[in-house]
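Chemist:
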Amino acid sequence: MVLWLKIINNLINKIWSLSIVPLIPTEFIRNHTKISSILCNNYRHSIKRVFVCFVFVIFMILLYEFIPNFDLFCLH
């Protein structure tokens, strides 16, 4: 179980580093509101994981909806 969590964590970190989100300047986000500064400072990693998982789920749903022959678990 711990090994799977490490693998998933590494995968999420790799996806995050390749995604466009790191291009958003954090100073710009921090300067806007206190809430976003709190989020950026304290909860950055957990937000990162939630965001990447959310994007992945949306991507899989879109694949499933728009590609007729796409089967999520290859079950026929």
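For the sequence shown, this note's numbering begins at 1 and goes up steadily by one.
All C-beta atoms, glycine included, are put in the ideal place defined by N, C-alpha and C.
Roughly how many angstroms lie between the CA atoms of VAL52 and LEU3, to the nearest whole one?
Modeler: Going by the C-alpha atoms only, they are around 20 Å apart.
Chemist: Rounded to whole angstroms, what is the Cα-Cα separation between ASN10 and VAL57?
Modeler: Cα-Cα distance, rounded: 18 Å.
Chemist: What's the C-alpha gap between LEU63 and PHE54?
Modeler: The alpha-carbon atoms of LEU63 and PHE54 are separated by roughly 14 Å.
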